[in-house]
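Asker: Before anything else, here's the structure in question.
In the working numbering, the protein residues as written are 773 to 1020.
In structure tokens, the structure reads:
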């Protein structure tokens, strides 16, 4: 039955991207209705799997459906299902990252990870930031651009997601995360320094991700932190040029 539902959704996505206007409208109505059901949790995971039946446009659609589901219905997902869901998303993300054609879906999954963690509280969000820092370290050590890009995309998504929360939630999360800003900016700085004089075309995506992450975290600290800012001790820990960026 689950397989049938996934096949139906794939067919509807095909119709949505097709040329027949009447079928597009019908497909859109079906997909909107499906996204509102509990089945959409498992369907979206099936659509982002590394499977020949899931071309990049289907993977992106699945990741987008999943993101909407987390934003709208996370509170309705039973607690015992949340951990396994996040693990499954993390696994799918790691796989998609190795597929250049699936980069848009992978970015969306970074946003899904950030959205689940922010809705699970400060501890879960901090753990995801640590996971991203670990990805970055492994990426720097092995020279794997994908790992560093993933780390930066997650870091940026976390800050963006925090910024979207209501004021009291945003304040609590920002205060929990601000101590991480030194490490997060260090990741971006390392990328920007390493990419000077390198192969600019292959590093363009990485540089863009580094700038996005840095700016998103600086915005979170200055704009949405409810008075939570770096302590003088944390500023002293920062390399001089980073501290200048922070003050600017």
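Every residue gets a Cβ at the ideal spot worked out from N, C-alpha and C, and that includes glycine. These numbers were taken from a predicted model, which means no experiment stands behind them.
Count the other CB atoms within 10 Å of the CB of residue 805; is the residue buried (16 or more) or exposed (fewer)?
Answerer: Residue 805 sits at position 33 when you count from the first residue of the chain shown. Exposed: under 16 other Cβ atoms inside 10 Å.
Asker: Are there 16 or more other CB atoms within 10 angstroms of the CB of residue 932, so buried, or fewer, so exposed?
Answerer: Taking the first residue of the chain shown as position 1, residue 932 is located at position 160. By the neighbour-count rule (16 or more Cβ atoms within 10 Å), residue 932 is buried.
Asker: What did DSSP end up calling residue 869 once you bin it into helix, strand or coil?
Answerer: Counting from 1 along the chain shown, the entry for residue 869 is found at position 97. Three-state DSSP puts residue 869 in coil, outside helix and strand.
Asker: With C-beta atoms as the reference, is residue 864 less than 8 angstroms away from residue 821?
Answerer: Mapped onto the chain shown, residue 864 falls at position 92. Mapped onto the chain shown, residue 821 falls at position 49. Yes, they are a contact pair.
Asker: What residue from 818, 819, 782 and 813 has the CA that sits closest to residue 802's CA?
Answerer: The residue given as residue 802 occupies position 30 in the chain shown. The residue with the shortest Cα to Cα distance from residue 802 is 782.
Asker: Could you tell me whether the stretch 862-877 touches the stretch 814-831, using the rule of 3 or more Cβ pairs below 8 angstroms?
Answerer: Yes, the stretch 862-877 is in contact with the stretch 814-831.
Asker: What number of angstroms, rounded off, separates the C-alpha of residue 808 from the C-alpha of residue 913?
Answerer: The sequence position of residue 808 within the chain shown is 36, counting from 1. The sequence position of residue 913 within the chain shown is 141, counting from 1. Spanning the two alpha carbons is a distance of roughly 43 angstroms.
Asker: Between the stretch 952-962 and the stretch 881-896, can you find at least three pairs of beta-carbon atoms closer than 8 angstroms?
Answerer: Output reads no: the stretch 952-962 does not touch the stretch 881-896.
Asker: Beta-carbon separation of residue 860 and residue 817 under 8 angstroms?
Answerer: For this step, residue 860 is matched to residue 88 along the chain shown. For this step, residue 817 is matched to residue 45 along the chain shown. Cβ distance < 8 angstroms, so residue 860 and residue 817 count as in contact.
Asker: For residue 991, collect the residues of the same chain with a Cβ closer than 8 angstroms to its Cβ; drop the 5 residues on either side in sequence, then sort them by chain order.
Answerer: The sequence position of residue 991 within the chain shown is 219, counting from 1. These residues qualify, in order along the chain: 931 and 935.
Asker: To the nearest angstrom, how far is the alpha carbon of residue 916 from that of residue 885?
Answerer: The residue given as residue 916 occupies position 144 in the chain shown. The residue given as residue 885 occupies position 113 in the chain shown. Spanning the two alpha carbons is a distance of roughly 21 angstroms.
Asker: Please return the same chain residues whose Cβ sits closer than 7 angstroms to the Cβ of residue 788, not counting the five positions on each side in sequence.
Answerer: The residue given as residue 788 occupies position 16 in the chain shown. For residue 788, where only same-chain residues beyond five positions count, the Cβ hits under 7 angstroms are 796, 799, 800 and 803.
Asker: Suppose you measure from the CA of residue 813 to the CA of residue 960; what does that come to, to the nearest Å?
Answerer: For the purposes of this step, residue 813 is taken as the residue at position 41 of the chain shown. For the purposes of this step, residue 960 is taken as the residue at position 188 of the chain shown. Straight-line Cα distance between these residues: approximately 33 angstroms.
Asker: Count the other CB atoms within 10 Å of the CB of residue 997; is the residue buried (16 or more) or exposed (fewer)?
Answerer: Taking the first residue of the chain shown as 1, we reach residue 997 at position 225. Since pLDDT at residue 997 reaches only 44, below the 50 mark, its modelled position is unreliable, and the value read off the structure follows with that caveat. So residue 997 counts as buried.
Asker: Do residue 882 and residue 851 come within 8 angstroms of each other at the CB atom, strictly closer than that value?
Answerer: Your numbering for residue 851 matches position 79 in the chain shown. Your numbering for residue 882 matches position 110 in the chain shown. Cβ atoms of residue 851 and residue 882: not closer than 8 angstroms.
Asker: Spatial neighbours of residue 899 within its chain, please: CB distance less than 8 angstroms, with the 5 preceding and 5 following residues excluded, ordered by chain position.
Answerer: Start at 1 with the first residue of the chain shown, and residue 899 comes out as number 127. 889.
Asker: Reducing DSSP to helix, strand and coil, say where residue 850 ends up.
Answerer: Taking the first residue of the chain shown as position 1, residue 850 is located at position 78. Of the three classes helix, strand and coil, the one that applies to residue 850 here is coil, per DSSP.
Asker: Ignore the nearest five residues each way along the sequence and tell me which others in residue 923's own chain have a CB closer than 7 angstroms to its CB.
Answerer: Locating residue 923 in the chain shown gives position 151, where the first residue counts as 1. Around residue 923: 904, 905, 907, 908, 911 and 959.
Asker: So what's residue 891 in DSSP terms, helix, strand or just coil?
Answerer: Position 119 of the chain shown, counted from the first residue, corresponds to residue 891. Correct three-state label for residue 891: coil.
Asker: For residue 856, name the three-state secondary structure that DSSP assigns.
Answerer: Here residue 856 corresponds to residue number 84 of the chain shown, with the count starting at 1. Residue 856: helix per DSSP, three-state reduction.
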